[in-house]
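Colleague: Residue numbers are given in the numbering used here: position 215 of the sequence shown equals residue 1068, and the series is strictly consecutive.
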Amino acid sequence: MDGWSEEQVRQALQVYLVMGSINLQAGKNPVDVLRQAIGGGVTLFQFREKGAGSLIGEARLALAAELREVCRAQGVPFIVDDDVDLALAIEADGVHVGQQDADASRVRARIGTGRMLGVSAHTVEEARLAVQAGADYLGVGPIYPTRSKADAHAVLGIEGIRELRTAGIAVPMVAIGGITTDLAASVLAAGADGIAVISAIAGAPDAQAAAKQFTAVWSSKRP
C-alpha cells in the first residue's frame, strides 16, 4: 500500500469530523449522522469512542466497522483515535494519537507507511518530534475553549497555529477545539489546512447542513 502524498493529506483535512456515540443528540444514530455529514462535505472522519458512556468491547468494534464501511462507500478516509489494534482489525486508513497516547514512532512502525498518521501537537517542539516520528499531519488545539473533550489542553488560540508556521513547521495541519463557522475563516487564514470539529457537526440538529456551512467557509477562504 502506497503512502499518502502531502497534497492528498491536505485535501483530506479540509472538513474533518471527529465523532463517537456519545457526541450525538439523544436518539440520533451515529451511522445516519456520519452519512449526513459526508453528504454535507466532510472530507475525513475520525472515530473517537472515548469518555463516560462510550461503547466498549464487541459493541465498539461493531460500530467502528459499520462507520468504516460508510466511509469506504463514500471515498472518505477513516481514522481511528488512539487504537492501533482496532485500526488494523477494520483496515482503517490511519490512526491519530495524542501526546499522552502511544508513542508516534511506534505507531508508525505498526501501521506501516500506507496508513495516515496524525499526531496532536501543542508546541513547536512537539510538532518537530511528531514530524520526525513520521506524522502525515498535525492536530493543533484547542484553538478555542471546548466542552467536547474532558482532557483538552490549554487554549492556544490562532496564535498557536501562526507560531508553528513561523517556526517552519510545514506539514499539513488541522485545527480543532471550539471552532464554529463564524471562527473558521480566521483559523484557516492563520495557516491551518482544515478544520476539525466534534459537536458543531455531530451534535447539530442537522449534520448535513452543519457540514455544508464548514465546507462553504473552507471553499471561500482556501480555494
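A virtual CB, placed ideally from N, CA and C, is assigned to each residue, including glycine. Source: prediction; values computed, not measured.
Between the Cα of Ile943 and those of Arg913, Thr966, Asp954 and Ala957, spot the shortest distance and give me the residue it belongs to.
Modeller: Arg913
Colleague: Would you be able to state if there are at least three C-beta pairs under 8 Å between the segment 1005-1019 and the segment 977-996?
Modeller: yes
Colleague: Tell me the start and end of each unbroken beta strand (DSSP E) in the segment 917-953 that is at least 3 residues and wholly inside, in chain order.
Modeller: 931-934 and 947-950
Colleague: Applying the criterion that 16 or more other CB atoms from any shown protein chain within 10 Å of the CB defines a buried residue, is Ile891 buried or exposed?
Modeller: Burial check for Ile891: the Cβ neighbour count within 10 Å reaches 16 or more, so the residue is buried.
Colleague: Quick check on Thr1019: buried or exposed, where buried means 16 or more other Cβ atoms within 10 Å of its Cβ?
Modeller: exposed
Colleague: Decide if the segment 872-887 is in contact with the segment 1031-1044; the criterion is three or more beta carbon pairs, one per stretch, under 8 Å apart.
Modeller: Contact fails: fewer than three Cβ-Cβ distances are below 8 Å.
Colleague: Helix, strand or coil for Ile1051 per DSSP?
Modeller: coil
Colleague: Considering only the alpha carbon of each residue, which of Val1070, Gln878, Ala1043 and Gln899 lies closest to Leu920?
Modeller: Gln899
Colleague: Please state whether DSSP places Ala1028 in a helix, a strand or coil.
Modeller: Look at Ala1028 here: in three-state DSSP terms it is strand.
Colleague: Along the chain, where does the beta strand (DSSP E) that runs through Gln899 open and close?
Modeller: Leu897 to Phe900
Colleague: Sort out for me which residues DSSP pairs Val871 with in a bridge.
Modeller: Gln899
Colleague: Considering Cα atoms alone, identify which of Gly971, Glu978 and Arg888 is closest to Ala865.
Modeller: Gly971
Colleague: What would DSSP say about Ser958, mapped onto helix, strand or coil?
Modeller: helix
Colleague: With DSSP run on the structure shown, which of helix, strand or coil describes Ser973?
Modeller: strand
Colleague: Would you say Met969 and Asp936 are within 7 Å of each other, going by their C-beta atoms?
Modeller: A distance of 7 Å or more separates the beta carbons of Met969 and Asp936.
Colleague: Sort out for me which residues DSSP pairs Gly992 with in a bridge.
Modeller: Ser973 and Val1027
Colleague: Near His949, what residues of its chain come up, given a Cβ to Cβ distance below 6 Å and the 5 sequence neighbours on each side ignored?
Modeller: Gln899, Ile932, Asp934 and Gly971
Colleague: Rounded to the nearest angstrom, what separates Gln878 and Leu887 at their Cα positions?
Modeller: 13 Å
Colleague: By how many angstroms is the C-alpha of Asp855 removed from the C-alpha of Ala918?
Modeller: 23 Å
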